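Visitor:
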Amino acid sequence: MSRKKMPSGYGMCYPIVGFASCMVFIYMSFGDVKVKLNFNKAPKLDFVGRNGTQFVVNGKPFYINGWNSYWLMDHAVDEFSRYRVGQMLEAGSKMGLTVCRTWAFNDGTYNALQMSPGVFNERVFKALDYVIAEAGQRGIRLLLALVNNLQAYGGKTQYVKWAWEEGLGLSASNDSFFFDPTIRDYFKNYVKTILTRKNTVNGIRYKDDPTIFGWEIINEPRCVTDASGDTLQDWLEEMSAFIKSIDNHHLVTIGLEGFYGPKSPEKLSVNPEDWASRLGADFIRNSQIPNIDFASVHIYPDQWFKKVGFEDKLKYLSKWMLSHIEDGNKELKKPVVFSEFGLSNLNKDFEPAQRDRFYKVIYDIIYKSAKKGGSGAGALIWQYLVDGMEEYNDDFGMVPWEVPSLYALVVRQSCRLSKFEGVAQQQPDFKASCMQKQ
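Under our numbering, the residues of the sequence shown are numbered 9 to 446, in order.
Okay, structure coming up:
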């Protein structure tokens, strides 16, 4: 998603799902988000695997109620901002959230992890080490994205620029990222370095660390110069196989937005508009790649439709999600994670209460799928921040404890999903609180 500064002052409270009782639970369970956990009581994490359309841990079901905080590594670099990492992860733990999606890349920009092809900033790498170690201590798993299709934090644009500056690039087009052999080698080298990194905090190599839920190959891939989808498909097949050749412990996903392409003509009517089928991505075809363990989908109807009212966006939201869950059940036989969702506060008809309704539709669809053992495996909010991060915010972001109605809704979803899990995925004190509320 685009990174837009978000105006402050919207944190009004709207009642939902037994608001009064939830508020008591919130303030009793949340407390001071700056307080650290007792590390001696940190939960032991095991690797998340897949059994058909479900995630499993030690053979028992595992569901995702999670969020995006793309900024964790960046804020872990400097001492003055590092506390925000623990504050955010602690908040997630208190809410019963199981997975946080964050960037494991920053290419050629300020605080770059990869300063040039194969040249890494150890100070920034130690910041990523810190993020992973802190997440593990709090029982939060991380979905780590490896590169951006967009220009933020370098992205494929930076890789193309590097090859062009060295006189090795075949084309100045951003899409040469997918077909230029030199750039493919750049990216493979990056992936290998990440996967084989030995964490300086806990001594565990990334590929052996169960704190990492899985690898996302690229955030929102598009290859508009080849609408057939062949170029992106070839790249995804190669990169997913390369990751698996190094790391056979972790799950791999793509990072798709979920648009259907020309290989799925019967599904084109589900796309928001005709343009969505011409982006070089194809949800079913891409997600069928054998080394892709689960499908990823984003949910932004207010970005895809500019002249559609909120009620119609809600109707489309259900259609979009149910179509992809059906794909997971029948076509892919894999879990489906809605790895980004949000509602912009810049919509001309926006009211804070709309987010309550929007999120509730998403959570209810996931819950109903989970009750049936279906492929709807979870969803991750875009995005959460902590206090004092205005420059990192956009028109979707929020500080979770400043929006009590949504906080209550998220906690409710964590409690609901925990009933289906065969092992204690959240902190024991959170699960005890859920039991008290039932």
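The beta-carbon is built from N, C-alpha and C at its ideal position, and this holds for glycine as well.
None of the values given here were measured: they were computed from a predicted structure.
Tell me whether the beta-carbon of Val305 lies closer than 7 Å to the beta-carbon of Gly269.
Guide: No, they are not a contact pair.
Visitor: Using the DSSP secondary-structure output, state which residues sit across from Ala387 in a beta bridge.
Guide: Paired residues: Asn73 and Phe346.
Visitor: Quick check on Leu154: buried or exposed, where buried means 16 or more other Cβ atoms within 10 Å of its Cβ?
Guide: Buried, since its Cβ has 16 or more Cβ neighbours within 10 Å.
Visitor: What separation, rounded to the nearest whole angstrom, lies between the Cα atoms of Thr208 and Lys134?
Guide: Their Cα atoms are separated by approximately 7 Å.
Visitor: Is Leu151 near Ala143, with beta carbons less than 7 Å apart?
Guide: Contact: no.
Visitor: Which first and last residues belong to the beta strand (DSSP E) in which Arg58 is found?
Guide: Counting along the chain, the beta strand (DSSP E) containing Arg58 begins and ends at Gly57 to Asn59.
Visitor: Using the Cα positions of Arg205 and Val107, report the straight-line distance between them to the nearest angstrom.
Guide: Using only the alpha carbons, I get a separation of about 21 Å.
Visitor: Could you give the C-beta distance for Met96 and Val394, rounded to a whole number, given that I count them as a contact under 8 Å?
Guide: That belief holds up - the Cβ atoms of Met96 and Val394 are roughly 5 Å apart, short of 8 Å.
Visitor: Considering just the uninterrupted stretch of the beta strand (DSSP E) at Ser304, what are its terminal residues?
Guide: That run of the beta strand (DSSP E) goes Ala303 to Ile307.
Visitor: DSSP three-state call for Asp310: helix, strand or coil?
Guide: In the structure shown, Asp310 sits in a helix (DSSP, three-state: H, G or I).
Visitor: So, at 8 Å on beta carbons, what are the nonlocal neighbours of Thr244 in its own chain, with the 5 sequence-adjacent residues on each side left out?
Guide: The sequence shown places Leu at residue 244, rather than the Thr named in the question. Ile225, Pro229, Ile262, Asn294, Ile297 and Ile300.
Visitor: At which residues does the alpha helix (DSSP H) containing Cys423 begin and terminate?
Guide: Element bounds for Cys423: Pro412 to Ser426.
Visitor: Just to confirm, is the Cβ distance from Leu264 to Phe302 under 7 Å?
Guide: The answer is no: Cβ separation not under 7 Å.
Visitor: Given this structure, state the Cα-to-Cα distance separating Asp238 from Asn210, to the nearest angstrom.
Guide: One C-alpha to the other measures close to 41 Å.
Visitor: Give, in chain order, every unbroken run of the alpha helix (DSSP H) that is at least 4 residues long and sits entirely within the stretch 222-303.
Guide: 238-254 and 291-295, all fully within the stretch 222-303.
Visitor: Report the option in Ser326, Met406 and Val419 whose CA atom is closest to the CA atom of Lys376.
Guide: The residue with the shortest Cα to Cα distance from Lys376 is Ser326.
Visitor: What three-state label does DSSP hand Met96 in the structure shown?
Guide: Reduced to three states, the DSSP call for Met96 is helix.
Visitor: With a cut-off of 8 Å on the beta carbons, I'd call Thr190 and Gly177 a contact; round off their distance for me.
Guide: Confirmed, Cβ separation roughly 7 Å.
Visitor: Assuming Phe358 is part of the beta strand (DSSP E), what are its boundary residues?
Guide: Neither: Phe358 is in no beta strand (DSSP E) and is coded neither H nor E.
Visitor: Please state if the CB of Thr117 and the CB of Gly336 are separated by a distance shorter than 7 Å.
Guide: Against a cut-off of 7 Å, the Cβ pair of Thr117 and Gly336 comes out as no contact.
Visitor: What separation, rounded to the nearest whole angstrom, lies between the Cα atoms of Phe55 and Phe195?
Guide: For Phe55 and Phe195, the distance between alpha carbons rounds to 25 Å.
Visitor: Out of Lys52, Asn279 and Ala235, state which residue places its alpha-carbon closest to the alpha-carbon of Ala289.
Guide: Here the closest residue by C-alpha is Ala235.
Visitor: By Cβ distance, which residues of its chain are closer than 8 Å to Ser272, with the 5 residues on each side in sequence left out?
Guide: Contacts found: Asp290, Phe291, Ile292 and Arg293.
Visitor: Is it right to say Gln159 is buried, meaning 16 or more other beta carbons lie within 10 angstroms of its own, or is it exposed?
Guide: Gln159 is exposed by the Cβ-count criterion.
Visitor: Just tell me which of Asp217, Phe128, Thr233 and Arg131 has its CA closest to the CA of Ser179.
Guide: Closest option to Ser179, Cα to Cα, is Thr233.
Visitor: Grab the span of the beta strand (DSSP E) containing Leu152 for me, first residue to last.
Guide: Looking at the DSSP string, the run of the beta strand (DSSP E) that includes Leu152 is Arg149 to Ala153.
Visitor: With 16 other CB atoms within 10 Å as the buried threshold, where does Cys442 fall?
Guide: Buried, by the Cβ-count rule.
Visitor: Given a cut-off of 7 Å, decide if Ile72 and Gly382 are closer than it, judged by their beta-carbon atoms.
Guide: Not a contact, by the Cβ cut-off of 7 Å.
Visitor: So, is Asn76 buried or exposed, given that buried needs 16 or more other C-beta atoms within 10 angstroms?
Guide: Result: buried.
Visitor: So Gly163 and Ala120 are supposed to be a Cβ contact under 8 Å. How far apart are they, rounded?
Guide: Contact flag wrong, Cβ pair sits at about 12 Å.
Visitor: When you compare each of Asn353, Leu136, Leu340 and Tyr167 to Val93 by their alpha carbons, which one comes out closest?
Guide: It is Leu136 whose Cα lies nearest to the Cα of Val93.
Visitor: Please name the residue, chosen from Ser285, Ser331, Lys338 and Leu330, that lies closest to Trp312 on a Cα-to-Cα basis.
Guide: Checked all of Ser285, Ser331, Lys338 and Leu330; the closest Cα to Trp312 is Ser285.
Visitor: So for Thr106, helix, strand or coil by DSSP?
Guide: In this structure, Thr106 counts as coil in the three-state DSSP scheme.
Visitor: Which whole-angstrom value describes the C-beta separation of Leu388 and Gly74, a residue pair presumed to lie in contact below a C-beta threshold of 8 Å?
Guide: Confirmed, Cβ separation roughly 4 Å.
Visitor: Taking only three categories from DSSP, how would you classify Tyr509?
Guide: The requested residue 509 is not part of the displayed model; the chain covers only 9 to 446.
Visitor: Distance, Cα to Cα, His83 vs Met103?
Guide: Straight-line Cα distance between these residues: approximately 22 Å.
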